[in-house]
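Asks:
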Amino acid sequence: MFGTYRVAARVLMIVIALSGCARHTEAPYPTDPATKRITKQGEVIGYRASNGALGWLGIPYAAAPIGEQRWRAPEPMPAWAGERTATRTGSACLQKGSWMGGAPEKSIGKVFGSEDCLFLNIWTPQIVPAEGLPVMVWIHGGGNTSGHGGSYDFSEMAERFDLVMLSFNYRLGSLGWFHQEALWDQGDDATDRSGNFGLLDQVALLEWVQDNIRNFGGNPDRVTIFGESAGGLNTFALLVSPMSRGLFHGAIAQSGYTTSFSPREASIVYPTRTGDNAGTSNDMLVYWLQGEGLADSRSAAIDKAKTMNHKEIAAFLRSRSPDELILDYDQNRTRLPIMIEDGTVLPRAGIAGALAGGDFHQVPMIAGTNRDENNLWLALSPELVDDHFGVFYRAKDEDRYRFFSKYRALGWKSRGADDPYRWVTAGGGTSFAYRWDWDEEPDNILGNFALLVGAAHGLETTFLTGVFPEDDLAGLLFNEENRPGRLILSRDMQSYWAEFAYTGRPGRGRDQKLPQWPAWNSAKGAAKFMILDTPAGGGLRMSTEEVSRDQVLAEAATHIDARGLEDVCWLVYLNLKDEPHYHPGQYARWQDGRCREFPPAHFDAKAS
Numbered sequence: 002m003f004g005t006y007r008v009a010a011r012v013l014m015i016v017i018a019l020s021g022c023a024r025h026t027e028a029p030y031p032t033d034p035a036t037k038r039i040t041k042q043g044e045v046i047g048y049r050a051s052n053g054a055l056g057w058l059g060i061p062y063a064a065a066p067i068g069e070q071r072w073r074a075p076e077p078m079p080a081w082a083g084e085r086t087a088t089r090t091g092s093a094c095l096q097k098g099s100w101m102g103g104a105p106e107k108s109i110g111k112v113f114g115s116e117d118c119l120f121l122n123i124w125t126p127q128i129v130p131a132e133g134l135p136v137m138v139w140i141h142g143g144g145n146t147s148g149h150g151g152s153y154d155f156s157e158m159a160e161r162f163d164l165v166m167l168s169f170n171y172r173l174g175s176l177g178w179f180h181q182e183a184l185w186d187q188g189d190d191a192t193d194r195s196g197n198f199g200l201l202d203q204v205a206l207l208e209w210v211q212d213n214i215r216n217f218g219g220n221p222d223r224v225t226i227f228g229e230s231a232g233g234l235n236t237f238a239l240l241v242s243p244m245s246r247g248l249f250h251g252a253i254a255q256s257g258y259t260t261s262f263s264p265r266e267a268s269i270v271y272p273t274r275t276g277d278n279a280g281t282s283n284d285m286l287v288y289w290l291q292g293e294g295l296a297d298s299r300s301a302a303i304d305k306a307k308t309m310n311h312k313e314i315a316a317f318l319r320s321r322s323p324d325e326l327i328l329d330y331d332q333n334r335t336r337l338p339i340m341i342e343d344g345t346v347l348p349r350a351g352i353a354g355a356l357a358g359g360d361f362h363q364v365p366m367i368a369g370t371n372r373d374e375n376n377l378w379l380a381l382s383p384e385l386v387d388d389h390f391g392v393f394y395r396a397k398d399e400d401r402y403r404f405f406s407k408y409r410a411l412g413w414k415s416r417g418a419d420d421p422y423r424w425v426t427a428g429g430g431t432s433f434a435y436r437w438d439w440d441e442e443p444d445n446i447l448g449n450f451a452l453l454v455g456a457a458h459g460l461e462t463t464f465l466t467g468v469f470p471e472d473d474l475a476g477l478l479f480n481e482e483n484r485p486g487r488l489i490l491s492r493d494m495q496s497y498w499a500e501f502a503y504t505g506r507p508g509r510g511r512d513q514k515l516p517q518w519p520a521w522n523s524a525k526g527a528a529k530f531m532i533l534d535t536p537a538g539g540g541l542r543m544s545t546e547e548v549s550r551d552q553v554l555a556e557a558a559t560h561i562d563a564r565g566l567e568d569v570c571w572l573v574y575l576n577l578k579d580e581p582h583y584h585p586g587q588y589a590r591w592q593d594g595r596c597r598e599f600p601p602a603h604f605d606a607k608a609s
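In our numbering, each number is its position in the sequence shown, counted from 1, plus 1.
See the structure below:
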């Protein structure tokens, strides 16, 4: 997605990673007798957080998907004897270690985590009423290739608003989504053959909640799922999956999207590799056959694969090491085929098609995006940003930077928020919309972070946890000057999210003191979404703006005189590529071939 990682880019990544995640101690917390609980698998004991909330970390919710269970639907966790200590997070699922994924420094760029990784974490207030409290299940982001639930600490939100909060891990990358017929056994059911193993883990987690959450003070009839980025994608997927019906009662998709792939798209192999077809299950099979010396060229490896029976292919794939499954896969894909339209776990119409066709669970939904979503990546682009000595960085051309920032973010808003609102509303559902606008980072000698970062992708998560690290590199974003506004906006967001968990509507927040947040109204000129910002940034307020893909691209095209045709075509190409079912012909046909002098390969060579 970017060119070379420079020191400044790494610094910015670390800052954003620290701001979005809690940093759990490596050592386990001391146990507290008040936290003894019973699950269907056995007894657990947890800890008491510094704010008084009760917590349980690293509880397994399904059997370890190892050995023959690799690339299979999750199985129930066997019972254990005695009392299980739940005071430290379980292993993350296998991934390439990254700052954004919450990996320790020693694991950056290396394989991080374990295949034995299906663990959950729970936080509750000290006092729980007999009728139980609403449950909020956090689905972490990370492109469904990185991240883990243990990076987040929701103890503050649990104690402040009387909620049962839960986070968890699910299988990632090629271990989480891999559609390969050769792996199918005669006794497999349709879920084993779906390829959507990471999504099935999430269904298993929600089933665990239904079976056990009462013992932790939660109400299984009042479960809200919420997730950011890939967690937002997963939220949309669960909204349309037949497997999750009745397992949750509200959904919040933060900076989500609706991309999914047909089984053919997830497994086909092409004679020539491109950025758009690398990473399918059979593409990786061919890559590994060539890497093992079983073929001396790509075409020979394709021919070799055709001579292998399913049993031979399955044995070959299952013999791949974690390094191969994670690192080889990571470096050989640009468009990972995640979310497979198998017809069992996900509808054949795909996520976008199911939502547009009214085929979704009728539960209330909040969805929204951040005003400057793509700044997380734009700030790392050497095309747009200069760094000096790896310490000071500035936009090369501030107007150019703002152009890409605005229209890339509007494209995300269109496909990740406004389209889903329109679909859900047309299908008889209720949806509430927002845009997150906080941009009060400092402008100093090191850089204008309000411009470069602004309301970037993922930053809103720390406002929900309420954890604001102000030391180390995070101080580049969070300082004493912007602290009062941050704390106000954090509490306001928590209050709206909590009220939604209780009632299915954000309303006026849990304390009934915030501006009324009405549902999305399709009428022209009607209130559409809530802007979430500090008092200094204009405060909480409704907006009537609505965007669509074609509108965004048409408006961007009006900047050709100022920005030049190449920049506009680059913007059009990037936005179209992010659509749920992109085809190169969409770009070629845009405005009757207006961008023909800049083919996709021209931009693929750029740092974007």
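For glycine and all other residues, C-beta sits at the position ideal for the given N, C-alpha and C.
Going along the chain, which unbroken runs of the alpha helix (DSSP H) with 4 or more residues stay wholly within the stretch 103-179?
Replies: Whole alpha helix (DSSP H) segments, 4+ residues: 156-162 and 174-177.
Asks: Can you name, in chain order, every residue of its own chain whose Cβ lies under 6 Å from the Cβ of residue 400, other than the five neighbours on each side?
Replies: So no residue of the chain qualifies.
Asks: Under the three-state reduction of DSSP, which class applies to residue 221: helix, strand or coil?
Replies: If DSSP states are grouped into helix, strand and coil, residue 221 belongs with the strands.
Asks: In this structure, how does DSSP classify residue 202 when only helix, strand and coil are distinguished?
Replies: Residue state, collapsed to three classes: helix.
Asks: Determine the direct distance from the alpha carbon of residue 545 to that of residue 526, and round the result to whole angstroms.
Replies: Going from the Cα of residue 526 to the Cα of residue 545 covers about 6 Å.
Asks: So residue 275 is in the beta strand (DSSP E); what residue range does that whole segment cover?
Replies: Unbroken run through residue 275: none, as it is neither H nor E.
Asks: Where does residue 533 fall in DSSP's three states?
Replies: Note: residue 533 maps to strand in three-state DSSP.
Asks: Could you check the C-alpha separation between residue 284 and residue 257 for me, to the nearest Å?
Replies: Taking the straight line from one Cα to the other gives about 27 Å.
Asks: Quick check: the Cα distance between residue 250 and residue 311, rounded to an integer number of angstroms?
Replies: Spanning the two alpha carbons is a distance of roughly 41 Å.
Asks: Note down the Cα distance separating residue 429 from residue 130, rounded to an integer number of angstroms.
Replies: Near 34 Å, if we compare the C-alpha coordinates of residue 130 and residue 429.
Asks: Excluding the five sequence neighbours on either side, which residues of its own chain have a C-beta within less than 6 Å of the C-beta of residue 24, listed in chain order?
Replies: At residue 24 the pLDDT is 46, less than 50, meaning the model places this residue with poor confidence and gives no usable figure here.
Asks: Have a look at 483, 40, 56 and 111 and flag the residue whose alpha-carbon is nearest the alpha-carbon of residue 29.
Replies: When only C-alpha atoms are compared, the closest one is 56.
Asks: Out of curiosity, what's the CA-to-CA distance linking residue 261 and residue 342?
Replies: Answer to the nearest angstrom: the Cα atoms are 7 Å apart.
Asks: Residues in the same chain with beta-carbon distance under 6 Å from residue 594, minus the five sequence neighbours each way, listed in chain order, please.
Replies: Same-chain partners within the cutoff: there are none.
Asks: Quick check on residue 596: buried or exposed, where buried means 16 or more other Cβ atoms within 10 Å of its Cβ?
Replies: Residue 596 comes out buried.
Asks: I'd like the list of long-range same chain contacts for residue 198, defined as Cβ closer than 6 Å, with 5 residues on each side in sequence excluded.
Replies: Around residue 198: 172 and 177.
Asks: For residue 6, does the count of other Cβ atoms within 10 angstroms reach 16, so buried, or fall short, so exposed?
Replies: Any answer about residue 6 is weak, because its pLDDT of 34 lies below 50 and its placement is not dependable; what the coordinates show is given next. Exposed, since its Cβ has fewer than 16 Cβ neighbours within 10 Å.
Asks: Relative to the C-alpha of residue 213, which residue among 272, 273, 522 and 123 is closest?
Replies: Residue 123 is the option with its Cα nearest to residue 213.
Asks: Can you say whether residue 602 is buried or exposed, counting buried as having 16 or more other CB atoms within 10 angstroms of its CB?
Replies: The residue in question, residue 602, is exposed, as its Cβ has fewer than 16 Cβ neighbours within 10 Å.
Asks: Between the stretch 213-224 and the stretch 159-172, do at least 3 Cβ pairs fall closer than 8 Å?
Replies: Segments in contact, yes.
Asks: Between residue 67 and the rest of its own chain, which residues show a CB-CB distance below 7 Å, the 5 nearest in sequence each way excluded?
Replies: Once the five neighbours on either side are set aside, the close Cβ partners of residue 67 are 116 and 117.
Asks: Would DSSP call residue 319 helix, strand or coil?
Replies: Three-state DSSP puts residue 319 in a helix.
Asks: Going by DSSP, name the residue or residues bridged to residue 425.
Replies: The partner list for residue 425 (beta bridge, DSSP) is empty, contrary to what the question assumes.
Asks: May I have a chain-ordered list of the alpha helix (DSSP H) segments no shorter than 4 residues that lie completely inside the stretch 444-499?
Replies: Complete alpha helix (DSSP H) runs here, min 4: 450-453 and 461-466.
Asks: Which partner residues does residue 369 have in the DSSP bridge list?
Replies: Note: residue 369 sits in a beta bridge opposite 255 and 435.
Asks: Measure the CB-CB distance between residue 226 and residue 205 and report whether it falls below 7 Å.
Replies: Going by C-beta atoms, residue 226 is not nearer than 7 Å to residue 205.
Asks: Could you check where the beta strand (DSSP E) with residue 543 kicks off and where it finishes?
Replies: Element bounds for residue 543: 542-544.
Asks: Would DSSP call residue 552 helix, strand or coil?
Replies: In this structure, residue 552 counts as helix in the three-state DSSP scheme.
Asks: Under 7 Å, do residue 36 and residue 43 count as touching if we go by C-beta distance?
Replies: Contact: no.
Asks: Which word fits residue 320, buried or exposed, when buried means at least 16 other C-beta atoms lie within 10 angstroms of its C-beta?
Replies: Classification for residue 320: exposed.
Asks: Report the residue from 189, 78 and 575 whose alpha carbon sits nearest the alpha carbon of residue 605.
Replies: Of 189, 78 and 575, the residue nearest in Cα terms is 575.
Asks: If we ignore side chains and look at the alpha-carbon of each, how far apart do residue 277 and residue 554 end up?
Replies: The straight-line gap from Cα to Cα measures roughly 22 Å.
Asks: For residue 299, name the three-state secondary structure that DSSP assigns.
Replies: The answer is helix: DSSP assigns residue 299 an H, G or I state.
Asks: Among the candidates 280, 377, 140 and 354, whose CA atom is the shortest distance from the CA of residue 119?
Replies: Answer by Cα proximity: 140.
Asks: Check residue 513 in the structure and name its three-state DSSP category.
Replies: Note: residue 513 maps to coil in three-state DSSP.
Asks: Can you give the Cα-Cα distance for residue 433 and residue 45, rounded to whole angstroms?
Replies: Roughly 37 Å separates the two Cα atoms.
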